[in-house]
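Chemist: For the sequence shown, my numbering begins at 36 and goes up steadily by one. Built from N, CA and C at the ideal position, the CB exists for glycine as well. First the structure, which I've put down as C-alpha cells, then a few questions once you've had a look.
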Amino acid sequence: MMARLSFNTENSSNIILVTAIILIISSLFMPLVFVYIIQDYLYLSADKWFYDTPSSAYVIFMVGMLWIAVTLFLYLFFTWKFEWKGIKWITLLIMLGCVPFFMFGVSNYYYLDDQGMHFNDYKTFNTVNSYYWEDVKEAKEIFVKSNGVTVVDHLNLVTKAGDVIELPYNSKVQNNRFKIMEKLQENNVPLTNNMGDLYE
Numbered sequence: 036m037m038a039r040l041s042f043n044t045e046n047s048s049n050i051i052l053v054t055a056i057i058l059i060i061s062s063l064f065m066p067l068v069f070v071y072i073i074q075d076y077l078y079l080s081a082d083k084w085f086y087d088t089p090s091s092a093y094v095i096f097m098v099g100m101l102w103i104a105v106t107l108f109l110y111l112f113f114t115w116k117f118e119w120k121g122i123k124w125i126t127l128l129i130m131l132g133c134v135p136f137f138m139f140g141v142s143n144y145y146y147l148d149d150q151g152m153h154f155n156d157y158k159t160f161n162t163v164n165s166y167y168w169e170d171v172k173e174a175k176e177i178f179v180k181s182n183g184v185t186v187v188d189h190l191n192l193v194t195k196a197g198d199v200i201e202l203p204y205n206s207k208v209q210n211n212r213f214k215i216m217e218k219l220q221e222n223n224v225p226l227t228n229n230m231g232d233l234y235e
C-alpha cells in the first residue's frame, strides 16, 4: 500500500512537471492560436472590414500561461520540501491569478469600420475607445529611410480633439489602404506626408 502511494505521488509529480514544461514551451507560440480563435469567435464580424491584434495581446496571454507553469513548479517545490495539507488549495488559488492575463490579452484589439476606428487597449477590459471618421481633421503618412530605401512606416490620424491615432503600416493596413483613403476623402480629411522633411 505504501509502495503504491509512493508510486502514485511520484507519477503525479512527473505529470505536473511535464505539464509545466509543455506550458513554458507552448507559451512561445500557442497565444497566437488561442487569442486568434477566441477573438474571432467573440469580436469579429462582417461590418469590421479591418481587424488586428497588437503584439501586446499575445504577450499578456503568454504571461498567463507562464503564470500557471511557475505555479506548478512552486507546487512541486513545496510538496517536496514541506508536507502542507493545504498546499493544493493554495496552489489552485494562486493559479487563478492567470485569469486576468487571459482576459486582458483576449480583449486587446482594434478594428476599423464605416463609422471609424475602435481600440480596446491592453490596460482596460472590454472598454472600447472610438474615434469617428468625421472627427478626423488631418491624416499624415510618415515615411522613414530603411537601408537606403524610403518606405512608409505608419499613418498618423489627428482628431479635432487633438488625439493622434497611429496606424502602423503592416500588411493588413496596406491591404485596406484604399478603404481607409476612401473614408478620409468622404470626410474631406487632407492627406499629407513627411517626404519633404526627409530630403531637406
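Hey, Y78 and Y157: beta-carbon distance below 8 Å or not?
Modeler: The sequence position of residue 78 within the sequence shown is 43, counting from 1. The sequence position of residue 157 within the sequence shown is 122, counting from 1. Against a cut-off of 8 Å, the Cβ pair of Y157 and Y78 comes out as no contact.
Chemist: Within the 8 Å Cβ cut-off, does L77 reach chain C?
Modeler: No chain C is present in this structure, which holds just one protein chain.
Chemist: Verify whether the separation of the beta carbon atoms of V171 and T194 is less than 8 Å.
Modeler: The residue labelled residue 171 in the question sits at position 136 within the sequence shown. The residue labelled residue 194 in the question sits at position 159 within the sequence shown. Against a cut-off of 8 Å, the Cβ pair of T194 and V171 comes out as a contact.
Chemist: For I122, which residues in the same chain have their Cβ closer than 8 Å to its Cβ, ignoring the five residues on either side in sequence?
Modeler: As a working note, residue 122 is residue 87 in the sequence shown. Here the set comprises Y110, F113 and T114.
Chemist: Run through DSSP, which three-state label would S61 get?
Modeler: The sequence position of residue 61 within the sequence shown is 26, counting from 1. Helix.
Chemist: Using a threshold of 8 Å, state whether the C-beta atoms of F85 and L127 are closer than that.
Modeler: Sequence index remark: in the sequence shown, residue 85 carries index 50 (1-based). Sequence index remark: in the sequence shown, residue 127 carries index 92 (1-based). Against a cut-off of 8 Å, the Cβ pair of L127 and F85 comes out as no contact.
Chemist: Based on Cα-Cα distance, which residue from T106, D198, S206 and Q209 lies nearest to T54?
Modeler: Sequence index remark: in the sequence shown, residue 54 carries index 19 (1-based). Comparing Cα-Cα distances from T54 to each of T106, D198, S206 and Q209, the minimum goes to T106.
Chemist: Check whether the region 132–144 touches the region 68–83, counting contact only when three or more Cβ pairs, one atom from each stretch, lie closer than 8 Å.
Modeler: The region 132–144 vs the region 68–83: in contact.
Chemist: What did DSSP end up calling E169 once you bin it into helix, strand or coil?
Modeler: For the purposes of this step, residue 169 is taken as the residue at position 134 of the sequence shown. If DSSP states are grouped into helix, strand and coil, E169 belongs with the helices.
Chemist: Could you compute how far the alpha carbon of N161 sits from the alpha carbon of S142?
Modeler: Looking up residue 161 in the sequence shown gives position 126. Looking up residue 142 in the sequence shown gives position 107. Those two C-alpha atoms are separated by around 6 Å.
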